[in-house]
Amino acid sequence: GPVAEIVLQHHERLDGSGYPRGLKGDEILLEARILGVADVVEAMASHRPYRPAMGIDKALEEIKKYSGILYDPEVVKACLRVFEKGFTWTEKGGAKTPELVYERI
Numbered sequence: 019g020p021v022a023e024i025v026l027q028h029h030e031r032l033d034g035s036g037y038p039r040g041l042k043g044d045e046i047l048l049e050a051r052i053l054g055v056a057d058v059v060e061a062m063a064s065h066r067p068y069r070p071a072m073g074i075d076k077a078l079e080e081i082k083k084y085s086g087i088l089y090d091p092e093v094v095k096a097c098l099r100v101f102e103k104g105f106t107w108t109e110k111g112g113a114k115t116p117e118l119v120y121e122r123i
């Protein structure tokens with residue numbers, strides 16, 4: 019179904035350098051482009067068993083640097099606005115608890 023396709027495509031990149039299919043630009047579903055940016059930000063900002071968290075600032079720098087190359091520029095812009103509005107997440111007992119921004123962006 020559509021959710022499986024979104025998940026399958028979320029490591030695809032605008033320039034075709036992603037995987038598993040090497041899709042480019044609009045060949046990648048918008049939802050997958052959104053999930054891809056969210057995944058990169060969350061992965062870089064969070065602690066992993068194999069490396070410490072790099073922090074949200076580094077994660078946002080990464081998506082800005084590759085906006086229009088790896089990541090959809092409109093998705094990057096929306097993501098940056100969410101964090102400018104004060105979105106954060108905290109880890110409590112190993113679970114992430116987002117503090118959501120309900121304002122339309």
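The numbering used here puts the first residue of the sequence shown at 19, with every later residue one more than the last.
Yeah, the Cβ is synthetic: ideal placement off N, Cα and C, and Gly gets one too.
Note to self: I'd like to confirm the pairing. Which residues does DSSP put opposite TYR89 in its beta bridges?
What the structure shows: Taking the first residue of the sequence shown as 1, we reach residue 89 at position 71. SER85, per the DSSP bridge assignment.
Check: Using the rule of at least 16 other Cβ atoms within 10 Å of the residue's Cβ for burial, across every protein chain shown, is ARG99 buried or exposed?
Finding: Start at 1 with the first residue of the sequence shown, and residue 99 comes out as number 81. Under this definition ARG99 is an exposed residue.
Next item on the list: Given a cut-off of 8 angstroms, decide if ALA71 and MET58 are closer than it, judged by their beta-carbon atoms.
Entry: By one-based count along the sequence shown, residue 58 stands at place 40. By one-based count along the sequence shown, residue 71 stands at place 53. A small correction: the amino acid at residue 58 is Val; Met does not occupy that position in the sequence shown. Judged by beta-carbon spacing, ALA71 lies beyond the 8 angstroms limit of VAL58, meaning their Cβ atoms are not closer than that value.
Checklist line | Nearest to TYR37 (by Cα), restricted to the options LYS103, LEU48, SER85 and HIS28 | finding: In the sequence shown, the residue the question calls residue 37 occupies position 19. Closest in alpha carbon position to TYR37, among LYS103, LEU48, SER85 and HIS28, is HIS28.
Check: Under the rule that 16 or more other beta-carbon atoms within 10 Å means buried, what is VAL25, buried or exposed?
Finding: Position 7 of the sequence shown, counted from the first residue, corresponds to residue 25. When all chains shown are included, VAL25 counts as exposed.
Next item on the list: Reducing DSSP to helix, strand and coil, say where ARG39 ends up.
Entry: Taking the sequence shown and counting its residues from 1, the one referred to as residue 39 is at position 21. If DSSP states are grouped into helix, strand and coil, ARG39 belongs with coil.
Margin query: Tell me the DSSP secondary structure of ARG99 in three-state form.
Written below: In the sequence shown, the residue the question calls residue 99 occupies position 81. Under the three-state reduction of DSSP output, ARG99 falls in the helix class.
Next item on the list: For my contact list, GLY54 and TYR89 are in at a C-beta cut-off of 8 angstroms; report their separation, rounded to the angstrom.
Entry: Residue 54 sits at position 36 when you count from the first residue of the sequence shown. Residue 89 sits at position 71 when you count from the first residue of the sequence shown. At roughly 7 angstroms, the Cβ-Cβ gap stays under 8 angstroms, so GLY54 and TYR89 are in contact.
Note to self: I need the DSSP call for ARG69, collapsed to helix, strand or coil.
What the structure shows: For the purposes of this step, residue 69 is taken as the residue at position 51 of the sequence shown. ARG69: strand per DSSP, three-state reduction.
Item checked: Extent of the continuous alpha helix (DSSP H) run through LEU47 -> Reading the sequence shown from its first residue, position 29 is the one you call residue 47. That residue, LEU47, is in no alpha helix (DSSP H); it is neither H nor E in DSSP.
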